[in-house]
Each structure stands twice: as structure tokens, then as C-alpha cells.
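To start, the structure under review is shown below, and the notes come after it.
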Amino acid sequence: MSSDARRVEVHPGKEAVVEFDPELTFECVEECTWCCHHGVLLYEPDFLALADCANLAEATTSFRGEDFVRQERKDRDDHVDENGDACFFLREDGLCSLHADHDWKPARCSVFPLTVTVEDDEIHVDVRESAHEHCEGLDVSERRVVDNLDAFLPAVLWELDDPETRREL
Numbered sequence: 001m002s003s004d005a006r007r008v009e010v011h012p013g014k015e016a017v018v019e020f021d022p023e024l025t026f027e028c029v030e031e032c033t034w035c036c037h038h039g040v041l042l043y044e045p046d047f048l049a050l051a052d053c054a055n056l057a058e059a060t061t062s063f064r065g066e067d068f069v070r071q072e073r074k075d076r077d078d079h080v081d082e083n084g085d086a087c088f089f090l091r092e093d094g095l096c097s098l099h100a101d102h103d104w105k106p107a108r109c110s111v112f113p114l115t116v117t118v119e120d121d122e123i124h125v126d127v128r129e130s131a132h133e134h135c136e137g138l139d140v141s142e143r144r145v146v147d148n149l150d151a152f153l154p155a156v157l158w159e160l161d162d163p164e165t166r167r168e169l
């Protein structure tokens, strides 16, 4: 654990080692959608919950034995990948249809702009390097990330065999 890191209880009995500046603030900003160009890994509980919101055959794909929300071509110039693709659930108005229509989002979406790693059986949390360059919501509000970790880190992360967020489609 680095000298800057500190343990924070996120949920009752569930701690994370925080490795980012505790003064960091974050708030999603309208029409940013930078995080929506990624293929979203679906942990098993998310996959099951998604079945209540969408047709899994249309919305998901499997890659290397893991389930992901699939990407599709979007008619946008910004916040799409190099092929012009973004998350299946990104609407034309820049909102997520899962969040807007179902008040739900997969754990990996909740985690953005953070990254989760596991070291010595402890969950470590930091800010994605790419977020410092692309995420418009960092340090634009009074909402300190460290004070709201329960919103970023769903309790299901502690129940998973591998909650690391480095896996991508």
C-alpha cells in the first residue's frame, strides 16, 4: 500500500484501499459520454439484471468467456471509439437508456472514472489514467469521490472472484 493510500469503509464490513487524492471531485457532465465508448463487462449479477431491461441476444456479446454489452455504430463525432462505435445503450441524446429508463446501470458503469484492482485480497481503487485526459466530470463539482464511494463501488464487487476492471472488449 502506498503512503498516500488509505482504507475506507465503502459498505458495512467492506473496505477499499483508496489510492487517489481524497480531494478529488466528480460529477457526470451533460453530453460527455466519454465512458460510453467502452465495451462494458457484465459481471454475472449484472448480466442477470440486464435480462429484466433488455433483449440479451441483441444487447450483449461474449468475448473470451465473459459477457459484455456490445458496441454499435453511433452517429456521433465525439466519444466513440476509433471505429465510430459506442455502447449499445447510448441514446442519441447522450443519455444511457439503462440509467434513464430503468434507473439501473451495470457495476462497471458505476465504477467510472475509477479503476479497481486487487492486491493481497484487498480491493484497491484509483482514477483511470485515461480519465485525467478525457473525463470532463473530474474536479468540476463539490461531490468528493471518497465521500461517495458507495455510489461508485457496488457491494457486489466484494462478492466477485475477480472484480478487476482492466478487462475490456
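Those letters in the sequence shown? Residues 1 to 169, by the UniProt record's numbering.
Cβ atoms here follow ideal geometry from the backbone N, Cα and C, with glycine treated the same way.
Fair warning: this is a prediction, and the values are worked out from it, not measured in the lab.
Residue environment, residue i, which counts as buried when at least 16 other CB atoms sit within 10 Å
| i | result |
| --- | --- |
| Pro163 | buried |
| Leu42 | buried |
| Gly137 | buried |
| Phe63 | exposed |
| Ala57 | exposed |
| Pro12 | exposed |
As assigned by DSSP and simplified to three states, the class of residue i
| i | result |
| --- | --- |
| Ser130 | helix |
| Ala57 | helix |
| Ala51 | coil |
| Ser62 | strand |
| Asp93 | coil |
| Cys87 | strand |
| Glu19 | coil |
| Val80 | coil |
| Glu159 | helix |
| His38 | coil |
| Glu168 | coil |
Residue j beta carbon less than 8 Å from that of residue i
| i | j | result |
| --- | --- | --- |
| Val40 | Cys109 | yes |
| Leu114 | Phe68 | no |
| His38 | Glu168 | yes |
| Leu48 | Ala59 | no |
| Glu19 | Asp126 | yes |
| Thr33 | Gly84 | no |
| Glu82 | Val17 | no |
| Thr53 | Leu98 | The question names Thr, yet the displayed sequence has Cys at residue 53. The answer is yes: Cβ separation under 8 Å. |
| Glu23 | Arg144 | yes |
Inter-residue CB distance, residue i and residue j (contact presumed, cutoff 8 Å)
| i | j | result |
| --- | --- | --- |
| Leu157 | Ala107 | 6 Å |
| Leu90 | Lys74 | 6 Å |
| Val140 | Thr25 | 7 Å |
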